[in-house]
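Below is one structure, written out as structure tokens; the observations come after it.
2 protein chains.
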Amino acid sequence: MGEKDTFLIAVDGVVFTIAHHELQILLIQRDAEPFKGIHALPGGFLRKEEELEDTIKRKLYEEANIKDIFLKKLHPFGKKGRDPRGRVITIPYMALISSDKLEVKPRAKATAAGWFCVYHLPELAFDHKEIIEDSLHHLRFEVQSTNLAYQLLSDKFTLTELQQAYEIILNQKLDKRNFRKRLLALGIVKSTTHYKREGAHRPAQLYTFKDRQYSMLKEKINISFS
Amino acid sequence: MGEKDTFLIAVDGVVFTIAHHELQILLIQRDAEPFKGIHALPGGFLRKEEELEDTIKRKLYEEANIKDIFLKKLHPFGKKGRDPRGRVITIPYMALISSDKLEVKPRAKATAAGWFCVYHLPELAFDHKEIIEDSLHHLRFEVQSTNLAYQLLSDKFTLTELQQAYEIILNQKLDKRNFRKRLLALGIVKSTTHYKREGAHRPAQLYTFKDRQYSMLKEKINISFS
DNA sequence: CCAAAAGTGTTAGTGATACACCCATGT
DNA sequence: ACATGGGTGTATCACTAACACTTTTGG
């Protein structure tokens, strides 16, 4: 077992949030070569004693002050030329966070972290653009086949807020009546007795997710043959 | 960049085929510790100058004489205790091969390779059982949302053969008439002017895939809200 | 003429889409 | 009273699911 090649392993976080009616992603600005000054996904190298998830948690905390976040491992990127320093295999983690849990004050090393609209990304280091695109597809898929959206909203929310979240992620308008019918039919939200009153209009009823636990919607992913 | 930890990276092939009316998977028998004599997925360690895909291709060729195979990268497994020799991150590749392209005569190192029904697997080394389960889910999903099945059949085939392939993968009976309607509606196969005659019954028309190129079926993966 | 697999259509039900008006509130 | 966003129902259409008999061949 001694004569085998070994490699650096990185993890990268593709952290999505919704803010200012935009689907945003967290980027840091690199403070060292290569790509110094260029934006990149937060992440870092795996350490010997660490689990993969712990690495990404540690880096998200260090670089963006984010804790307790939903993470989903995606498939690795490992092409030879992807890091000019040498061979690095990176494992992306897709993550979602509610914007009201946010308080991204970059800590310590002060690599300026910031949120960027996914449709207007700056130039990116490494193959991070590709990684982000992959994650975005994944996010869109997940949001339609799981109850993942609960990660993006606070405990209580109006159906309009939820609809907007879906619209922003999928980047398309949805029909209000059909959206509500569908949600209730799927049984992923339930109404509360509380109302949100603000502005000169009828107060909106507040809803919660029945289940704040990642779960599959009934197997709707089916090209059924019978 | 010098003081970072480095790791062994393995790739494992989860190679499916259909034979004898079973969904089978390729396993080798380990010829060294750990897990000597126990069955495991074919695979090996990434080398410095190699792309990930080249490693898995090389190992599949060495260990099972398989070439030119469809490969899909899945998410990595990297828990600390998964390999008793030390930390290894493994990247599984799901693969599919038509059983008539097969001629698995284990080469050189003569690690006895063989095909096993996925529902009757022997004891497996490492976390390979978990990896196989993940791949199987993936396979079932892909087969319903892409034209991937073309990998499993020879150039010309009868619709009954194709249906059996689906039934075996999904592990459920399908309705003949609905299956055919659906396939033709999706436009993934087309008829040829040839027939397969065998046995004392009406000859079956032979079909081919319109497109022997991995492609998505029309985005049927949709919990639609509008 | 018998056995064996191929081939083919219709109906009922369910879910998707499209669409427009009244409601409750603050100012 | 008016402006603002909240809330609701119905009709059509498309797709899914269930189901049984006739055809062609070899022996």
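Chains as they are written, first to last, in the working numbering: chain A, 241 to 466; chain B, 241 to 466.
No residue lacks a Cβ here, since even glycine has one placed at the ideal position from N, Cα and C.
>> Could you check whether the stretch 423–433 of chain A touches the stretch 394–403 of chain A, counting it as contact only if at least three pairs of C-beta atoms, one from each stretch, sit closer than 8 Å?
In response: Touching, per the Cβ criterion.
> Checking contacts by CB at 9 Å: is ASP395(A) closer than that to chain B?
Replying inline: So, not an interface residue.
> If you check the beta carbons only, do ALA365(B) and ALA440(B) fall under 9 Å apart?
Replying inline: Contact flag unset, no.
>> Since HIS278(B) and ARG270(B) should fall inside the 8 Å C-beta cutoff, what is the C-beta to C-beta distance between them, to a whole number of angstroms?
In response: For the record, residue 278(B) in the displayed sequence is Ile; it is not His. Yes, ILE278(B) and ARG270(B) are in contact; Cβ-Cβ is about 6 Å, under 8 Å.
>> Under 8 Å: do the stretch 333–341 of chain B and the stretch 252–260 of chain B share three or more Cβ pairs, one atom per stretch?
In response: With the rule of 3 Cβ pairs closer than 8 Å, the stretch 333–341 of chain B counts as touching the stretch 252–260 of chain B.
> How about GLU302(B): is its C-beta nearer than 9 Å to some C-beta of chain A?
Replying inline: No, GLU302(B) lies away from the interface with chain A (no Cβ there is under 9 Å from its Cβ).
> Among residues of its own chain, excluding the 5 on either side of ARG322(A), which ones have a beta-carbon nearer than 8 Å to its beta-carbon?
Replying inline: Leaving aside the five residues that flank ARG322(A) on each side, the residues in its chain whose CB is nearer than 8 Å to its CB run, in chain order, VAL328, THR330, PHE366, ASP367.
>> Just to confirm my understanding: we take LYS469(B), look at its own chain, exclude 5 residues before and 5 after, and list those with CB closer than 7 Å. What are they?
In response: This structure leaves residue 469(B) out entirely; chain B is present only between 241 and 466.
> If we count the other Cβ atoms within 10 Å of its Cβ and call it buried at 16 or more, is PRO324(A) buried or exposed?
Replying inline: By the 10 Å Cβ count, PRO324(A) comes out exposed.
>> Taking its Cβ as the centre, do 16 or more other Cβ atoms sit within 10 Å of GLY318(B), making it buried, or is it exposed?
In response: When all chains shown are included, GLY318(B) counts as buried.
> Can the beta-carbon of LEU361(A) be found less than 9 Å from the beta-carbon of ILE265(A)?
Replying inline: Yes, the Cβ-Cβ distance between LEU361(A) and ILE265(A) is below 9 Å.
> Got a sec: which bits of the stretch 281–293 of chain A sit with their beta carbon under 9 Å from any beta carbon on chain B, in order along the chain?
Replying inline: Of all residues in the stretch 281–293 of chain A, PHE285, LEU286, ARG287, LYS288, GLU289, GLU290, GLU291, LEU292 have a Cβ within less than 9 Å of some Cβ in chain B.
> Are GLU293(B) and ILE408(B) touching if we call contact CB-CB under 9 Å?
Replying inline: Taking a C-beta distance under 9 Å as the contact criterion, GLU293(B) and ILE408(B) do not qualify as a contact pair.
> Ordered along the chain, which non-local residues of its own chain (more than five positions away) have a Cβ less than 6 Å from that of ILE249(B)?
Replying inline: Once the five neighbours on either side are set aside, the close Cβ partners of ILE249(B) are LEU286, ILE329.
> What residues of chain A sit near THR246(B), judged by a beta carbon separation below 7 Å?
Replying inline: In chain order: THR246, PHE247, LEU248.
>> Quick check on DSSP: helix, strand or coil for GLU303(B)?
In response: In the three-state reduction of the DSSP assignment, GLU303(B) falls in the helix class.
>> Would LYS349(A) pass as an interface residue toward chain B - the criterion being a Cβ-Cβ separation below 9 Å?
In response: Model confidence at LYS349(A) stands at a pLDDT of 49, short of 50, so the residue's coordinates are unreliable; what they give is reported in the following sentence. Taking 9 Å as the CB threshold, LYS349(A) stays off the interface with chain B.
> Given a limit of 7 Å on CB to CB distance, which residues of the stretch 303–314 of chain A reach chain B?
Replying inline: Answer set for the stretch 303–314 of chain A: LYS313, LEU314.
>> For VAL251(B) and GLU370(B), I'd like the C-alpha separation in whole angstroms.
In response: If you take the alpha carbons of VAL251(B) and GLU370(B), they lie about 15 Å apart.
> For the alpha helix (DSSP H) that GLU382(B) lies in, which residues bound it at each end?
Replying inline: Note, GLU382(B): alpha helix (DSSP H), 368–385.
> Distance, Cα to Cα, ARG452(A) vs ALA352(A)?
Replying inline: Straight-line Cα distance between these residues: approximately 32 Å.
> How many Å lie between LYS416(A) and HIS260(A) at the Cα?
Replying inline: For LYS416(A) and HIS260(A), the distance between alpha carbons rounds to 21 Å.
> What separation, rounded to the nearest whole angstrom, lies between the Cα atoms of ASP472(A) and ARG422(B)?
Replying inline: No answer is possible for residue 472(A): the residues shown for chain A start at 241 and end at 466.
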